[in-house]
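Data block below; observations after.
Protein chains in written order, with the working numbering: chain A, 1 to 554; chain B, 555 to 861.
Set out below in structure tokens:
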């Protein structure tokens, strides 16, 4: 018997060897970028989701903006929240704040063609008129006639954007918006090569060989769902400030995998997208928080899922009852220890018009909505709502349709609301979790009563949190129409004095908190860890979220 | 001749089956509530424009005919979510990774599984048998994502023997191969042990032994050939599912295979990608089952397809 076993083992060993041989040859062919040469001048960064496209009009999530910032450069750059010159060497603003004149430097696209003012004009016209991707067109509506060109009611020639000569670009605005400088530096306003769009069509920006950049790095290889490899652009105007030879953006969708890669030194930087990961790094000297600007709230639909619930969800006392029963402090502490409880509409970390932060001068914390739960007040509110709506008790109200996105975390979060409302108020809510694509479809069209949702800012100005509640725009589909609100924000944007404008925005915020169907919950906060060997990573709330262009190894 | 006729018949049935599958999945994905182009900040008018751009504003039957026409030319369409990239291209770049990992896992599971099974059968009740049973229990009961993270943590983070993720060199393939193959290995070992035990005391084995054949020839030529039958049945679908990509293991080791597309395409309602992957996977599964049937016929003369 022993003989058999040893014979078997011999067979097994030879088989394993054979398998080894066979696989060795295949591994050679599948080898992509070598990870072994993570030497001095190559940086590897893991991203949780793949950048959507190198076409700057297609996606504006933070990972896409990170990739875009390496290979494209706009009129201005943001580095560590500070606006710096980019393709525009300098710019002037007219006295009325309506006309920006940019003077472009002598710069080249990676194929050797000069970057011209006309490139920018073509890009913005295309952004407004293209049929295949217009999600982001609204971002440049501050430019004169942009909205009309987008709707097709005005000709592209009437857009307030004109090439005075090859190197001078003149942009005229609808109003003297004070946030334009950050908008000019954002990824939405990056230039593209419209002459190549004719050649590549929708595929422009989808592959390394279907894209031409003008930024500090050149996209050398893009293997989808895997990695993007960037190499230093020797012709970049500021090439001497660029230290790294190669940057690889690697798609790693699992948080634990990313953590293991960071811990073993495979990657030098990690964005902690899952708050549950924060406690294991919070004490790390290389850990830091950053302002992400995201706010999360509950909205009530005034249209309701039925005529009966619509009456209830439009009732102010009902909204306040739901809000007062929520303990925001306890909730955040238990579920999102890195986030902060929130009772306003405008994120206090956003810039105000006077060079500071919104939260410095304007604060609604704990005023209209409370940080802690107040069950007594909640019961009073619900009793008042019952009286106004003719119910003997909240138990007589129909069950409400309450929906959110999919995932374990969302379920836990919304079950907390469900339980709290049932226990404190006696209100029943049926929770539905939807996949992302269905979730937005539902939020914008289908009947519902209550939804958990959120908002991320597009530019560094309070208006980014207010604009969305204009019922004529795209986002606010709750059925709430605030005529006085709309008049107020329009008037605010016509103010020359930044303080007067901010004061009006503050009034507008108060209107939202007393009239609009919003229950603020918490603000998210970003967190990341950077290997101490890696220096000069710029982290921005706007523009590229993580900008590695000036990064270097110590 | 018989075999050829059998294969032909099976191919025809397979084509009809895949056609039905394409049709069903094409209409089913459209029934999923939601839209691939809805996003947080999309304006209503812009959505209509993009629907028109992708031809989604046309009646569904018209979309179906266009799709089928393109499919006949081997064109699976363009992904909605991975911008500007065709489904053919996605499969072409991602499948080699899944195939490579899958083949390794199958090779590992098959050699080690058979070996463990045979040894366990011969060492019944002894240490090797117990060891095999432990491996079998762990392999079948521990889900691959836990096994994946466990080996990643132990061998990459703690012991630093292998890199934690990516798929660029031989060292990178070891941990995912193990994590993916262990479950298969366990099943194969268990089946091999059982069927070896069944034939070990049968008359023809005793005859072979009496004839004075070597142990090796008895095991490989007589016992294993019979014992393999149930394992081959198992192997077809097993290989098909492993080779076409597994979400969990690919996710844990950041391998750019097909696995993640199965999940993300459905989440993002990427109609063309969902349908394209379904067709690809179905065709592969059908092919594997066909191969299994042929191998079956070759091994077992009683099926009577080979004269």
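Don't be surprised by glycine CBs; every beta carbon is placed ideally from N, CA and C.
The structure displayed is predicted, hence computed values, not measured ones.
- Residue 103 of chain A is bridged by DSSP to A:90 and A:168.
- Among the residues of chain A, those whose CB is under 9 angstroms from the CB of residue 810 of chain B are 32, 223, 224, 225, 226, 227 and 251, following chain order.
- Under the three-state reduction of DSSP output, residue 534 of chain A falls in the strand class.
- Following the DSSP letters along the chain, one finds residue 108 of chain A in no alpha helix (DSSP H), marked with neither H nor E.
- A Cβ-Cβ separation of about 6 angstroms places residue 689 of chain B in contact with residue 670 of chain B under the 8 angstroms criterion.
- Contacts with chain B (Cβ-Cβ distance below 8 angstroms) from the stretch 264-285 of chain A involve 264 and 266, listed in chain order.
- For residue 574 of chain B, the number of other beta carbons within 10 angstroms of its own is below 16, and it is reported as exposed.
- Nearest to residue 234 of chain A by alpha-carbon distance, out of A:214, A:515, A:223 and A:395, is A:214.
- Judged by DSSP secondary structure, residue 663 of chain B falls within the alpha helix (DSSP H) whose first and last residues are 641-676.
- Short of 6 angstroms from the beta carbon of residue 127 of chain A, and not among the five residues preceding or following it, lie these beta carbons of its own chain, in chain order: 57 and 137.
- Comparing C-alpha distances from residue 69 of chain A to each of A:553, A:554 and A:545 shows the shortest one belongs to A:545.
- Scanning A:459, A:534 and A:63 for the CA closest to the CA of residue 83 of chain A turns up A:459.
- If you look at residue 498 of chain A, you'll find it isn't in any beta strand (DSSP E); it sits in the alpha helix (DSSP H) that goes 498-515.
- Closest by C-alpha distance to residue 97 of chain A, out of A:73, A:144, A:252 and A:117, is A:144.
- Judged by beta-carbon spacing, residue 647 of chain B lies beyond the 8 angstroms limit of residue 524 of chain A, meaning their Cβ atoms are not closer than that value.
- Against chain B, the CB of residue 134 of chain A has a partner CB under 8 angstroms away; the residue lies at that interface.
- Nearest C-alpha to residue 306 of chain A among A:449, A:419, A:379 and A:336: A:449.
- Taking a contact as a CB-CB distance under 8 angstroms, the pair residue 202 of chain A and residue 122 of chain A does not count as one, their CB atoms being some 17 angstroms apart.
- When secondary structure is reduced to three states using DSSP, residue 198 of chain A falls in the helix class.
- Contiguous beta strand (DSSP E) elements confined to the stretch 374-434 of chain A occur at 400-405 and 429-434, taking only those with 3 or more residues.
- Around residue 254 of chain A, the beta-carbon contacts reaching into chain B at under 8 angstroms are 805, 806 and 808.
- Proximity to residue 248 of chain A across A:256, A:264, A:282 and A:268 peaks at A:268, based on C-alpha coordinates.
- Here residue 452 of chain A is bridged, per DSSP, to A:298.
- Using a CB distance cut-off of 8 angstroms, residue 592 of chain B counts as an interface residue toward chain A.
- Across the set A:534, A:468 and A:312, the C-alpha of A:312 shows the shortest separation from the C-alpha of residue 385 of chain A.
- Within the stretch 39-93 of chain A, the beta strand (DSSP E) runs of at least 3 residues that lie entirely inside it are, in chain order, 42-47, 76-79, 82-85 and 88-93.
- DSSP, reduced to helix, strand and coil, places residue 526 of chain A within a strand of the structure shown.
- Collapsing the DSSP output to three states places residue 248 of chain A in a strand.
- Distances from the alpha-carbon of residue 250 of chain A to those of A:370, A:445 and A:271 put A:271 closest.
- Residue 579 of chain B has a beta carbon lying at 8 angstroms or more from every beta carbon in chain A.
- Interface flag for residue 777 of chain B against chain A is unset, since no Cβ pair is found closer than 8 angstroms.
- Assignment of residue 323 of chain A by DSSP, reduced to helix, strand and coil, places it in the helix class.
- When secondary structure is reduced to three states using DSSP, residue 747 of chain B falls in the helix class.
- Not one beta carbon of chain A lies nearer than 8 angstroms to the beta carbon of residue 761 of chain B.
- Annotation for residue 52 of chain A: 58, 59 and 64 place their beta carbon closer than 6 angstroms to its own, counting only its chain and skipping 5 residues before and after.
- Within the stretch 703-715 of chain B, those residues whose Cβ lies closer than 9 angstroms to any Cβ of chain A are, in chain order, 703, 706, 707, 710, 711 and 714.
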